[in-house]
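Going from the sequence shown to my numbering is simple: count from 1 and add 1347.
Scroll down for the structure; my scribbles are underneath it.
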Amino acid sequence: MNPAAIHAYLLELQNRIVAELERVEGRSFRRDPWQREEGGGGESRIIEDGDVFERGGVNFSRVHGERLPPSASAARRELAGRAFEATGVSLVLHPRNPYVPTVHMNVRFLVATQPQSEPIWWFGGGMDMTPYYGFEEDARHFHATCRQALEAFGPECYPRFKRWCDEYFYLKHRGEPRGIGGIFFDDLNEGGFDSCFELARGVGDHFLPAYLPIIERRKDLPYGERERDFQAYRRGRYVEFNLVYDRGTLFGLQSAGRAESILMSLPPLVKWRYDWKPEPSSAEGKLYRDFLRARDWLGE
């Protein structure tokens, strides 16, 4: 186990991703270093009111504490009461143009310790995409790149992590997925530290190839108030998931992390309507019919 190598990689990953996003946006992200009273801290890189990104954040954190919060130990009772250290990079980008999907990616490492016991460590992470207007070309490219990220770990790895993503990013109270999925994994320690770290690096390193071509294809498409209105409505689903179900949000808040950095995942403009449904034949209806369902994007 080599936490120093993870720390160095994640800082480099944050810098690399932000540099490319700044190139696309044409302006710099704001740097916001923070410290946590209970131990540790991080740096948030934030943009708001950009031409390409209406809000976005690429956050690094490395925090530690005397007791894991309930969100981390509820499903693994053997972790309850242990001290912890958690480090990771997490990003969410909410583009201005409704034809560019929202995207999320994170890579994280946690270790839980207690006296006279071996440390328990694991990796988690993944990436997923949430379109407002669906393009099959974009969905297939995103999933093909996710599969490339996992190719070195066997042909069963992508289908397993894709299914995990479909099941995790699902709004049970709505009966619909958050978006078109991607890959997701948690509690990963099988195969040893070096193999797990390599897998986590593969996910982090493939984010830019997965998402940048989609931004470039869609960011200059013309749109109007109808598209912006639908984007704001669908963003409401993103808010619902992050505040009701997301384990990372709960971990951050329960561990007394920086609230502004945790909640940067929320979009700046959102709308809710009462029991609204799009016309089935409309472009908005196509999103529900063809994209907001589990699909084998690479096998169809």
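Note that CB positions come from ideal geometry on N, CA and C, so glycine has one too.
All values derive from a computational prediction rather than experimental measurement.
Nearest-angstrom Cα separation, counted from residue j out to residue i
i: Gln1461; j: Asp1475; result: 34 Å
i: Leu1613; j: Tyr1585; result: 7 Å
i: Val1410; j: Pro1380; result: 13 Å
i: Cys1543; j: Asn1536; result: 6 Å
i: Lys1519; j: Gly1595; result: 18 Å
i: Glu1384; j: Ile1527; result: 38 Å
i: Ala1459; j: Asn1349; result: 14 Å
i: Cys1493; j: Ala1579; result: 27 Å
i: Trp1511; j: Trp1469; result: 16 Å
i: Glu1372; j: Gly1646; result: 34 Å
i: Ser1464; j: Gly1538; result: 21 Å
i: Ile1530; j: Leu1426; result: 25 Å
i: Leu1616; j: Asp1533; result: 30 Å
i: His1553; j: Glu1545; result: 12 Å
Enclosing beta strand (DSSP E) for residue i [first to last residue]
i: Glu1401; result: Phe1400 to Gly1412
i: Ala1366; result: Unbroken run through Ala1366 is the alpha helix (DSSP H), Pro1350 to Glu1372; no beta strand (DSSP E).
i: Gln1601; result: Looking at the DSSP string, Gln1601 is not in any beta strand (DSSP E); the run it does join, the alpha helix (DSSP H), is Arg1594 to Gln1601.
i: Pro1380; result: Arg1377 to Gln1382
Residues bridged to residue i (per DSSP)
i: Asp1576; result: For Asp1576, which the question treats as bridged, DSSP gives no partner whatsoever.
i: Gly1387; result: Val1410
i: Pro1442; result: Phe1400
i: Val1617; result: Looking at the DSSP assignment, Val1617 forms no beta bridge with any residue, so it has no partner.
i: His1451; result: Val1439 and Asp1475
i: Leu1457; result: Ala1433 and Trp1469
i: Arg1392; result: Arg1378 and Val1405
Span of the alpha helix (DSSP H), counted from its first residue to its last, around residue i
i: Pro1556; result: Phe1554 to Arg1565
i: Ala1606; result: Ala1606 to Ile1609
i: Glu1626; result: Premise fails: Glu1626 is in no alpha helix (DSSP H) and is neither H nor E.
i: Ala1427; result: From DSSP, Ala1427 is part of no alpha helix (DSSP H); its letter is neither H nor E.
i: Ala1630; result: Ala1630 to Lys1633
- Are the segment 1400-1409 and the segment 1355-1368 in contact at 8 Å, needing three or more beta carbon pairs? With the cut-off at 8 Å, the segment 1400-1409 and the segment 1355-1368 touch.
- Message: Under 8 Å, with one C-beta from each stretch per pair, do the segment 1597-1612 and the segment 1567-1576 reach the 3-pair mark?
- Response: Between the segment 1597-1612 and the segment 1567-1576 there are fewer than three C-beta pairs closer than 8 Å, too few to call the two in contact.
- Should the segment 1476-1494 be regarded as contacting the segment 1627-1645, the criterion being three or more beta carbon pairs within less than 8 Å? With the cut-off at 8 Å, the segment 1476-1494 and the segment 1627-1645 touch.
- alpha helix (DSSP H) runs wholly inside the segment 1496-1546, at least 4 long, in chain order: Within the segment 1496-1546, the complete alpha helix (DSSP H) runs of at least 4 residues are 1504-1515.
- Pair every Cβ in the segment 1429-1446 with every Cβ in the segment 1497-1514, then say whether three or more of these pairs are closer than 8 Å. Too few Cβ pairs lie closer than 8 Å, so no.
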